[in-house]
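Enquirer:
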Amino acid sequence: MKKLLLCLITGTVLFACKEEKKQPSETVEKEVMMNTGETTYESGEWVVLFDGSSFDGWKGYMADEVPGTWTLQDSAMVFNPPKDRPKGESYNLVTENDYTSFVLSLEWKIAEGGNSGVFWGVKEDPQFSQPYETGPEIQVLDNQRHPDAKNGLTHQAGALYDMVAPEKDVTKPAGEWNTMVITVDRKAERGSVELNGELVTEFPVANELWNVMVSKSKFADWEGFGKQATGKIGLQDHGDKVAYRNIKIKELK
């Protein structure tokens, strides 16, 4: 296995030198598919992180309470962007608990032209003003209207943001609910995203293939990005209205 991984890493680096202009997803796509280790984790039971009735288990990033910009509406947690936002102020949510390897299931609904995201491995530290400085993001987006969708497939809904693109667009129109399942399996060294019942994204986790992938992304020189084996789940305030519901997690032990 070590020899295979070394060959993959060497091949990836040589390939990257020749193909610098390609998207990060293109440089790791084959390597991800070849890293087919089966998980040996035992799955825990599903634990509800949000049941629609309260914000128990959640708080603002680097805060003690849930910001007032997040409200409960029709059994969903809804972010309502403020009209007068203080300069530099953000209202991201994070879980109170930390997680390492898991399967996370949730539903999201984005407003027209909206942008948000789901993070994992978020570290709360005064040196990091935003969850995205440490936590990798699975994109939540209105692919039809938000301008970020025109910045490459690695910026569209279901992508591992700026690194691995979804194989296809299976999102429902803005204003409709999408079901998303994110798996981060550090023992098997791989992760995936299912969107509306279809596997759309696969990526390496916690290995040299991950490091090569990050080195070819916008996060290459970010000191804390993707470094946390254990961290918080986060929901992004990107300035647009978004709703989440039916959030549950199964830890892989």
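The numbering of the sequence shown is my numbering, which starts it at 93 and goes up by one.
Even glycine gets a Cβ: it sits at the ideal position worked out from N, Cα and C.
Taking only three categories from DSSP, how would you classify Asp240?
Expert: Helix.
Enquirer: Does DSSP put Asn303 in a helix, a strand or coil?
Expert: Three-state result, Asn303: helix.
Enquirer: Is the beta carbon of Val262 less than 8 Å from the beta carbon of Asn288?
Expert: The answer is yes: Cβ separation under 8 Å.
Enquirer: Are Phe317 and Val306 closer than 8 Å when you measure CB to CB?
Expert: Taking 8 Å as the Cβ cut-off, Phe317 and Val306 qualify as a contacting pair.
Enquirer: Short of 6 Å in beta carbon distance, which residues of its chain neighbour Gly213, apart from the five on each side in sequence? Order them along the chain.
Expert: Within the same chain, Gly213 has close Cβ partners Gly227, Gln320 and Gly323.
Enquirer: Three-state secondary structure (DSSP) at Ser192?
Expert: Per the sequence shown, residue 192 should be read as Thr rather than Ser. Residue state, collapsed to three classes: coil.
Enquirer: Apart from the five residues just before and just after Lys215, which ones in its own chain have a Cβ nearer than 7 Å to its Cβ?
Expert: Thr226, Gly316, Gln320 and Gly323.
Enquirer: Tell me whether Glu137 sits in a helix, a strand or coil according to DSSP, three-state version.
Expert: Looking at Glu137 - three-state DSSP - the assignment turns out to be strand.
Enquirer: Kindly indicate which three-state DSSP category Glu199 falls into: helix, strand or coil?
Expert: In this structure, Glu199 counts as strand in the three-state DSSP scheme.
Enquirer: With distances taken Cα to Cα, identify the nearest neighbour of Met272 among Lys279, Arg278 and Ser284.
Expert: It is Ser284 whose Cα lies nearest to the Cα of Met272.
Enquirer: Within the continuous beta strand (DSSP E) that includes Leu252, where are the two ends?
Expert: Unbroken run through Leu252: none, as it is neither H nor E.
Enquirer: Tell me the DSSP secondary structure of Pro265 in three-state form.
Expert: Residue state, collapsed to three classes: coil.
Enquirer: Which residue comes first and which comes last in the beta strand (DSSP E) that contains Met152?
Expert: This sequence places Gly at residue 152; Met is not what is there. Taken as a continuous stretch (DSSP letters only), the beta strand (DSSP E) holding Gly152 covers Trp150 to Gly152.
Enquirer: How many angstroms separate the CA atom of Phe171 from the CA atom of Asn184?
Expert: In a straight line, the C-alpha of Phe171 is about 9 Å away from that of Asn184.
Enquirer: Note down, in chain order, each residue of its chain lying with its Cβ closer than 7 Å to the Cβ of Lys310, except the 5 sequence neighbours on either side.
Expert: Asp254, listed in sequence order.
Enquirer: If you run the structure through DSSP and keep just helix, strand and coil, what is Glu130?
Expert: In this prediction, Glu130 scores a pLDDT of 44, lower than 50, which makes its location untrustworthy; the coordinate-derived value is nonetheless stated afterwards. Three-state DSSP puts Glu130 in coil, outside helix and strand.
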